[in-house]
Amino acid sequence: MVGQSFFLAAISEIIVFALSFWWLRKGKELIIISISGAFYFLRFFISAWITDPHLLAYLQILQILTFPVFYSAAIQYLYSIVPEEWRATGQTVLALLFFGVSGILASYAGGALYDAFGGKALYLTISAMSFVGMLFGLILYLIYRKKTE
Numbered sequence: 247m248v249g250q251s252f253f254l255a256a257i258s259e260i261i262v263f264a265l266s267f268w269w270l271r272k273g274k275e276l277i278i279i280s281i282s283g284a285f286y287f288l289r290f291f292i293s294a295w296i297t298d299p300h301l302l303a304y305l306q307i308l309q310i311l312t313f314p315v316f317y318s319a320a321i322q323y324l325y326s327i328v329p330e331e332w333r334a335t336g337q338t339v340l341a342l343l344f345f346g347v348s349g350i351l352a353s354y355a356g357g358a359l360y361d362a363f364g365g366k367a368l369y370l371t372i373s374a375m376s377f378v379g380m381l382f383g384l385i386l387y388l389i390y391r392k393k394t395e
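So for the sequence shown, our numbering puts the first residue at 247; every next one is plus one.
As structure tokens, then:
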């Protein structure tokens with residue numbers, strides 16, 4: 247089931263990354279990031295309540311609306327705020343923070359949370375953090391939209 251879950255998530259990511267030129271619009275990155283945050287919230291909130299491993303594996307199809315959408319929009323947003331000569335460095339720093347530092351800290355904290363309170367508490371905590379991230383993204387979008395108008 248774990249293999250099937252990873253397979254479904256990976257296939258969905260490939261599709262979204264390949265078609266990002268079609269749906270990703272310049273200037274809409276923050277709202278797109280917020281929308282992906284909403285789907286992260288939904289995905290992990292539902293995961294907290296599912297007990298059937300088959301359903302949990304199929305829920306990974308929501309990956310199509312989470313990581314690849316978030317990461318594509320984050321890269322494009324980065325390109326809009328970083329000078330052109332620093333874009334490669336900016337992308338490297340984003341990847342380092344996203345996959346490196348945050349991955350290490352989140353794995354450690356998530357493992358400790360899982361050991362202490364179980365999977366349901368872990369998924370509910372992740373969903374709460376996703377919800378807060380979504381709200382923060384919406385607030386930033388509203389602030390920057392007002393500044394550009």
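Positions of the beta carbon are idealized from the N, C-alpha and C atoms, including for glycine. From a predicted model like this one, the values you see are computed outputs, not experimental measurements.
Distance CB(residue i)-CB(residue j) smaller than 7 Å
i, j, result
"residue 291", "residue 353", "no"
"residue 293", "residue 369", "yes"
"residue 324", "residue 340", "yes"
"residue 309", "residue 270", "no"
"residue 260", "residue 319", "no"
"residue 306", "residue 255", "yes"
Proximity to residue i [Cα-Cα], best of the options
i, options, result
"residue 391", "309, 266 and 277", "277"
"residue 317", "329, 299 and 281", "281"
"residue 375", "255, 288, 267 and 256", "288"
"residue 380", "266, 283, 315 and 260", "283"
Residue i versus residue j - alpha carbon distance
i, j, result
"residue 258", "residue 338", "24 Å"
"residue 399", "residue 386", "Given a span of 247 to 395 for the chain in the structure shown, any question on residue 399 remains unanswerable."
"residue 334", "residue 247", "37 Å"
"residue 327", "residue 275", "11 Å"
"residue 345", "residue 312", "15 Å"
"residue 349", "residue 371", "16 Å"
"residue 383", "residue 342", "21 Å"
"residue 388", "residue 361", "39 Å"
Reduced DSSP secondary structure (H/G/I, E/B, other) of residue i
i, result
"residue 375", "helix"
"residue 314", "helix"
"residue 349", "helix"
Inset, instruction - Could you pull out every unbroken beta strand (DSSP E) segment of at least 3 residues lying fully inside the stretch 286-312, listed in chain order? - result: None, since the stretch 286-312 contains no complete beta strand (DSSP E) of that length.
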